[in-house]
Amino acid sequence: MKEIRTVDAVGHVLCHDITQIIKDVSKGPVFRKGHIIREEDIPVLLSVGKDHIYVWENDASMMHEDDAAEVLCAISKGENISRGEAKEGKIELRAECDGLLKIDEEKLKMVNSFGQMMIATRHGNFPVHRGDKLAGTRIIPLVIEKEKMEAVKAKAGDTPILNVLPFQHKKVGIVTTGNEVFHGRIKDTFTPVVMEKVNEFGAGIVGHKYSDDENEHIEAAIRELLEAGADMILCTGGMSVDPDDKTPLAIRNVCGSVVTYGAPVLPGAMFLLAYYGEKQIPVMGLPGCVMYARRTIFDLVLPRIMVGEVLTKEDFDRLGQGGLCLDCEVCTFPNCGFGK
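Residue numbers (this note's numbering): 13 to 352.
Encoded structure:
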């Protein structure tokens with residue numbers, strides 16, 4: 013840094029805060045470290061007794077923190093995301109619509125491993141609402157090497173770290189299975205829970221079928237809803253390994269194969285996901301816990317299905333860490349560790 017006359021300081025970067033004291037009115041920084049001095053700032057600086065100030069020496073090889081923050085913003089900001097102004101090396105990112113936050117975890121780790129810069133985000137694969145804060149970027153020093161910022165930009169490539177995928181309007185078909193419900197022996201308390209959850213994402217119910225425990229009848233109900241235009245099928249009941257639970261067999265017979273039958277999540281270990289046909293219509297078997305537990309694997313999977321994501325077995329394998337719901341007396345999901 014170097015000392016220069018204040019009247020010659022336009023365009024230079026302050027090395028320290030400048031404090032202004034007005035008796036009985038205020039005391040505090042009028043300009044922060046890192047501020048780029050403008051013409052209109054000169055009278056203010058002189059009024060607080062700063063005839064000379066310390067500034068960073070101009071160096072073509074270095075980049076100011078706010079300019080470097082713009083690089084991180086460009087690396088991070090993807091679809092349906094808005095940004096704030098650069099301030100003290102920081103830029104804040106927010107959601108422009110309701111949707112699912114997707115994060116390129118490897119690229120995020122890569123940027124943060126460079127040093128002297130950081131991007132902090134909320135957890136990906138969870139719903140966000142318009143206006144929600146998604147991430148903040150920060151350059152640690154006041155100035156940073158241009159070469160370093162150019163290197164991280166090149167390594168990050170053209171695809172952004174963060175995107176918000178908007179929820180799609182899905183036409184949902186529901187198959188409620190079980191002899192006890194089909195024959196009217198007990199009241200169906202499962203279907204209302206499922207309807208409430210899908211309605212949260214703006215889905216519409218295209219049809220609802222009841223079936224006994226015969227797998228041929230369950231298959232017929234699934235096919236009927238597919239023919240009616242359903243682009244998502246939810247089957248409730250009959251998901252255990254008991255011999256008389258035929259829902260998994262019916263789904264497998266309709267779809268030909270399954271992505272997973274079982275997942276490392278509690279509640280929800282007996283969850284099943286398959287895809288039907290070229291359009292890859294998701295067909296899910298929901299275990300009984302979805303009916304009575306406040307949060308289950310269905311709450312982790314449904315938002316991703318609602319944006320059109322096609323899940324793989326690997327996606328489920330990753331759910332083990334964080335896959336244990338603690339069944340807290342006061343549920344704060346998704347602001348908890350479940351699914352993270």
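Glycine included, C-beta positions come from ideal geometry on N, C-alpha and C.
All figures in this text were calculated on a predicted structure; none of them were measured in a lab.
Can you round the beta-carbon distance between residue i and residue j to whole angstroms, since I take them to be within the 8 Å contact cut?
{"i": "V123", "j": "I93", "result": "Not a contact, Cβ separation roughly 16 Å."}
{"i": "L285", "j": "M296", "result": "5 Å"}
{"i": "M318", "j": "F202", "result": "With 8 Å as the limit, M318 and F202 do not qualify as a contact, their Cβ atoms being about 20 Å apart."}
{"i": "I33", "j": "F43", "result": "Not quite, the Cβ-Cβ distance comes to about 14 Å (not below 8 Å), so this is no contact."}
{"i": "K45", "j": "L58", "result": "Contact doesn't hold; Cβ gap of about 19 Å is too wide."}
{"i": "T188", "j": "T272", "result": "The Cβ separation is near 22 Å, so there is no contact."}
{"i": "F310", "j": "G280", "result": "7 Å"}
{"i": "P139", "j": "P315", "result": "5 Å"}
{"i": "L331", "j": "A275", "result": "6 Å"}
Provide the residue(s) that pair with residue i in DSSP beta bridges, ordered along the chain.
{"i": "N175", "result": "K114"}
{"i": "F41", "result": "Looking at the sequence shown, residue 41 is not Phe but Pro. Partner(s): T31."}
{"i": "R197", "result": "DSSP, once it has assigned bridges, lists no residue as partnering R197."}
{"i": "V25", "result": "I48"}
{"i": "H76", "result": "V155"}
{"i": "L336", "result": "L278"}
{"i": "H64", "result": "R17"}
{"i": "T188", "result": "Y222, T248"}
{"i": "R150", "result": "K102, M130"}
{"i": "K165", "result": "DSSP lists no partner for K165."}
{"i": "K145", "result": "R106"}
{"i": "K183", "result": "G216"}
Tell me which residues share the same chain as residue i and place their Cβ nearer than 6 Å to its Cβ, disregarding the 5 neighbours each side in the sequence.
{"i": "A132", "result": "G148"}
{"i": "H24", "result": "I49, V67"}
{"i": "G185", "result": "V218, G219, L237, A242, I245"}
{"i": "R142", "result": "A107, C109, D110"}
{"i": "V322", "result": "Q292"}
{"i": "E9", "result": "This structure cannot settle anything about residue 9, because the visible part of the chain is limited to 13 through 352."}
{"i": "N265", "result": "E231"}
{"i": "N227", "result": "K258, L261, A262"}
{"i": "V22", "result": "I49, E51"}
{"i": "N135", "result": "A small fix is needed here, since residue 135 is His in this sequence, not Asn. Cβ within range, chain order: K352."}
{"i": "F345", "result": "R307"}
Leaving aside the five residues before and after residue i along the sequence, list all residues of the same chain whose C-beta is less than 8 Å from its C-beta, in chain order.
{"i": "L278", "result": "G335, L336, C337"}
{"i": "I293", "result": "L238, A242, D243, M244, I245, Y287"}
{"i": "L120", "result": "I131, T133, I173"}
{"i": "S73", "result": "E157, K158, E159"}
{"i": "Q180", "result": "M318, V319, G320"}
{"i": "A81", "result": "A98, G101, K102, I103, T149, R150, I151"}
{"i": "A215", "result": "H181, K182, K183, V184, M244, M318"}
{"i": "R95", "result": "C85, K89, I103, E104, L105, R106"}
Report all residues from its chain with a CB closer than 7 Å to the CB of residue i; omit the five preceding and five following residues, and keep chain order.
{"i": "F350", "result": "R307, G334, C337"}
{"i": "Y222", "result": "T188, V193, F194"}
{"i": "D225", "result": "T189, G190, N191, G250, D256, K258"}
{"i": "V356", "result": "What is shown of the chain runs 13 to 352, which leaves residue 356 out entirely."}
{"i": "R235", "result": "V266"}
Practice item. Determine contact between the segment 109-116 and the segment 196-203, defined as no fewer than three beta-carbon pairs at a distance below 8 Å. Key: With the cut-off at 8 Å, the segment 109-116 and the segment 196-203 do not touch.
Practice item. Please go through the segment 217-303 and give each complete alpha helix (DSSP H) segment of 4 or more residues, from N-terminal end onward. Key: Counting whole runs of 4 or more residues, the segment 217-303 contains the alpha helix (DSSP H) stretches 227-239, 259-267.
Review point. What are the uninterrupted segments assigned as alpha helix (DSSP H) that are 4 or more residues long and contained completely in the segment 85-141, given in chain order?
Key: Here the runs fully enclosed are 117-125.
**Study point:** Any 3 or more C-beta pairs closer than 8 Å across the segment 165-184 and the segment 75-90
**Key:** yes
Review point. Can at least three beta-carbon pairs, one atom from the segment 294-307 and one from the segment 201-213, be found at a separation below 8 Å?
Key: Contact annotation: the segment 294-307 touches the segment 201-213, with at least three C-beta pairs closer than 8 Å.
Review point. Are there three or more Cβ pairs, one per stretch, closer than 8 Å when the segment 98-110 is compared with the segment 53-72?
Key: Output reads no: the segment 53-72 does not touch the segment 98-110.
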